Structure formats: C-alpha cells, structure tokens
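Student:
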Amino acid sequence: ETGCGGRSRWALGSLDDNATAAFYFDLRQESEHPGTARRSILQFQTAYLHPAGQKRLRVTSLSIPHAAPDLHDILMGFDQEAAAVVVARLAVEKCREEPLEDVMRWLDQRLIRLCSRFADYRQGEAETFCLPPQLHLFPQFMYHLRRSQFLQTFNASPDESAFVRSVLLRESTLNSIVMIQPALLQYSINADTPVPVRLEAESMKPDVILLLDGFFHVVVWRGEQVQDWVDHGYHEREEYANLKALLQAPAEDAKLIIAGRFPAPRYVSTSARGSQERFVTCRVSPPDAKVQGMSRGVTLLTDDVSLAVFVEHLIQHCVQA
Numbered sequence: 001e002t003g004c005g006g007r008s009r010w011a012l013g014s015l016d017d018n019a020t021a022a023f024y025f026d027l028r029q030e031s032e033h034p035g036t037a038r039r040s041i042l043q044f045q046t047a048y049l050h051p052a053g054q055k056r057l058r059v060t061s062l063s064i065p066h067a068a069p070d071l072h073d074i075l076m077g078f079d080q081e082a083a084a085v086v087v088a089r090l091a092v093e094k095c096r097e098e099p100l101e102d103v104m105r106w107l108d109q110r111l112i113r114l115c116s117r118f119a120d121y122r123q124g125e126a127e128t129f130c131l132p133p134q135l136h137l138f139p140q141f142m143y144h145l146r147r148s149q150f151l152q153t154f155n156a157s158p159d160e161s162a163f164v165r166s167v168l169l170r171e172s173t174l175n176s177i178v179m180i181q182p183a184l185l186q187y188s189i190n191a192d193t194p195v196p197v198r199l200e201a202e203s204m205k206p207d208v209i210l211l212l213d214g215f216f217h218v219v220v221w222r223g224e225q226v227q228d229w230v231d232h233g234y235h236e237r238e239e240y241a242n243l244k245a246l247l248q249a250p251a252e253d254a255k256l257i258i259a260g261r262f263p264a265p266r267y268v269s270t271s272a273r274g275s276q277e278r279f280v281t282c283r284v285s286p287p288d289a290k291v292q293g294m295s296r297g298v299t300l301l302t303d304d305v306s307l308a309v310f311v312e313h314l315i316q317h318c319v320q321a
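Residues in the sequence shown are numbered from 1 upward in steps of one, following full-length UniProt numbering.
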C-alpha cells in the first residue's frame with residue numbers, strides 16, 4: 001500500500017483525453033552491487049465505465065530502468081516540461097499544509113540543487129556557468145511558477161484558488177505548462193503570421209497586438225499606437241484593409257483556442273493603459289531596472305524581480321554551493 005492514505009486504489013470522477021495522474025516514488029536503498037542493472041516493474045489497472053455503457057479494464061505495464069550513478073543517463077532522459085509540472089503539483093500539495101514561505105524556500109532549494117549538480121561551471125566563477133540543453137528552460141518554468149496563481153493567492157477567493165489548483169492536478173503536461181508559463185504571440189502589421197515572443201514586458205510594444213494564452217484566460221492586448229488607430233477609425237477605411245485584418249487575426253485565433261478547451265477560458269480584449277491590461281502585466285516578467293528606461297515596452301511598477309535577475313541570483317548560489 002502506498003500514498004498518503006496508505007492504499008493502492010484511487011478513484012477519479014472522470015477521465016478524458018487530457019486527464020493525467022502523477023505518481024511519485026521513493027527508491028529504497030541501492031543494491032550492494034552497483035554494477036548490476038536494476039529495473040522497477042509497475043502495473044496500473046484502470047477500470048472505467050465507457051460512454052457506451054460498457055465496463056472496461058485497461059492494464060498498463062511498465063518496466064523502468066534505473067539510471068547509472070554517473071548522472072549521464074539521468075540527464076539524457078530528463079524531460080524538463082514534465083519535471084516542471086510534477087514539481088508544480090507537489091508544490092500545490094505542500095501549500096495545503098505548509099506556509100507559502102516554506103514552499104517557496106523548498107522550490108528554491110530544489111532548483112539550486114538540480115542546477116548545481118548538472119550544470120558545467122568552475123567554483124566561484126559565475127561567467128563559466130552553463131546548463132545543458134535538457135535543463136535550460138527549467139529555471140524559467142520555476143520563475144513563472146513562483147509568480148503564478150497556484151502559489152500567489154493574493155486578491156483571489158479560496159474557491160478560485162482551489163479551482164485552478166484542481167485543474168493543474170489533472171491536466172496534461174502541455175496544458176499545465178501553459179498554465180505555468182503562458183504562451184505569448186505577437187501580431188504586427190509588417191508580418192503576415194504571428195510569431196512567439198518572450199513573456200516579458202519588453203514584448204508589450206506600442207505598434208503590435210499580443211495574444212496571451214494562460215489557459216484560464218485568453219487575452220488580446222493592443223499596443224498604444226494600434227489602439228490609437230482604432231480610436232480614429234482607420235480600420236474602417238478601405239485603404240487600411242491590412243489594419244482590419246491585423247485586428248481580426250488574434251480574435252479569430254482566440255476563438256479557436258477557446259473552442260478546443262475545457263473548461264472554456266475567459267476571453268479578454270484590452271489595450272495599453274486599459275483596465276484589463278492587468279491580465280497581461282501580472283504574467284509577464286518585469287523589465288530589468290538597468291534597462292527599463294531604454295525599453296520600448298511598458299513600464300511596470302512592481303516589487304518582483306525580472307527573469308534575468310532571478311537567473312543571475314540562481315547562478316551565484318550554484319557556483320558558491
């Protein structure tokens with residue numbers, strides 16, 4: 001029998017194509033013969049009622065090899081997206097019984113420990129720090145997790161916090177990553193197709209439109225110059241058909257996202273200095289104080305550090321560990 005409840009059987013209210021469950025295992029003491037190849041055998045039996053009225057049983061058997069102590073096998077099989085999701089789920093569970101400060105400290109310790117173990121660097125020399133490709137996105141996932149609605153519950157009702165956390169605990173890896181680090185697309189009058197941009201305040205330029213997919217919210221944000229064109233009615237003139245097409249493209253893409261997702265996200269249309277702009281500014285990384293005055297993006301007044309500063313401090317802790 002396993003788990004917090006000491007059992008080997010669990011019940012789910014429903015299952016769909018995106019439903020996933022995470023199982024966490026602790027390995028017992030390693031074998032006395034480290035050269036011996038070891039494997040763990042797991043079997044899951046899923047009994048469910050099909051919509052056709054049939055009772056079905058699906059058996060899934062897994063043979064999982066144990067990695068060698070030299071860390072190479074672990075690194076080659078490391079999935080940073082899946083790792084970020086299972087860490088996020090565990091952090092959410094910890095929030096049920098531990099203060100937020102302790103959960104944040106636990107996240108920081110795990111991130112520092114992981115990066116200091118797998119990165120290449122010389123002791124005390126931050127400029128030599130280099131993460132392998134299998135890990136280079138993991139720190140920014142943890143940065144956005146720290147700022148997400150799963151851990152930051154200020155100005156959110158207990159019901160809302162419980163809802164978003166329950167969705168995180170059952171959705172697929174792809175959907176969960178979108179919840180942790182929203183996708184941001186840029187639409188420009190000089191480009192035929194949207195392009196992905198960094199989730200940073202510098203991306204909020206006056207002459208572009210942004211589409212933010214945060215899973216629970218789909219936001220269309222218009223830059224200050226684009227909104228000025230709309231206010232003057234340029235998009236209604238025949239000679240500015242390209243501007244009209246620019247305004248329609250993100251709205252149509254937002255409809256496709258909403259139509260293919262359950263639960264349906266809230267659609268928000270806003271602009272620079274608009275009241276709903278907060279749905280974007282609360283998710284993007286604030287600009288670095290050193291370059292904020294030179295940036296074309298919006299100016300954010302916040303106590304949060306930027307992603308660049310977060311990574312800089314992470315590297316300092318790793319090389320000094």
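Beta carbons are placed, not taken as given, at the ideal position from N, Cα and C, and that holds for glycine. Source: prediction; values computed, not measured.
Of the residues Val85, Leu212, His66, which one's Cα is nearest the Cα of Gly77?
Tutor: His66
Student: Determine the direct distance from the alpha carbon of Ala47 to that of Arg56, and round the result to whole angstroms.
Tutor: 6 angstroms
Student: For the alpha helix (DSSP H) holding Lys55, just list the boundary residues, first then last.
Tutor: Element bounds for Lys55: not the alpha helix (DSSP H) but the beta strand (DSSP E), 55-65.
Student: First and last residue of the alpha helix (DSSP H) that includes Ala102?
Tutor: First, the residue type needs correcting, since residue 102 is Asp and not Ala in the sequence shown. Its alpha helix (DSSP H) spans residues 100-118.
Student: Name the DSSP beta bridge partners of Trp221, please?
Tutor: Leu210, Thr270
Student: Look at the Cβ atom of Arg165, then the Cβ atom of Val92, and state whether they are nearer than 7 angstroms.
Tutor: In this structure, Val92 lies closer than 7 angstroms to Arg165 by Cβ.
Student: Pull up the DSSP beta-bridge partners for Pro196, would you.
Tutor: Its beta-bridge partners are Leu185.
Student: Can you check whether the CB of Pro250 is closer than 7 angstroms to the CB of Ile189?
Tutor: Their beta carbons are not under 7 angstroms apart, which means Ile189 does not touch Pro250 by this criterion.
Student: Indicate the three-state DSSP secondary structure (helix, strand or coil) for Phe262 in the structure shown.
Tutor: coil
Student: Assess, as a yes-or-no matter, whether the stretch 217-226 is touched by the stretch 121-134 under the definition of 3 or more beta carbon pairs within less than 8 angstroms.
Tutor: no
Student: Nearest by alpha-carbon distance to Gln43: which of Leu256, Ile64, Ile257 is it?
Tutor: Ile64
Student: Which one or two residues does DSSP pair with Gln43 in a beta bridge?
Tutor: Per DSSP, Ser61.
Student: Under a three-way DSSP split, which group does Phe215 fall into?
Tutor: When DSSP states are grouped into helix, strand and coil, Phe215 belongs to the coil group.
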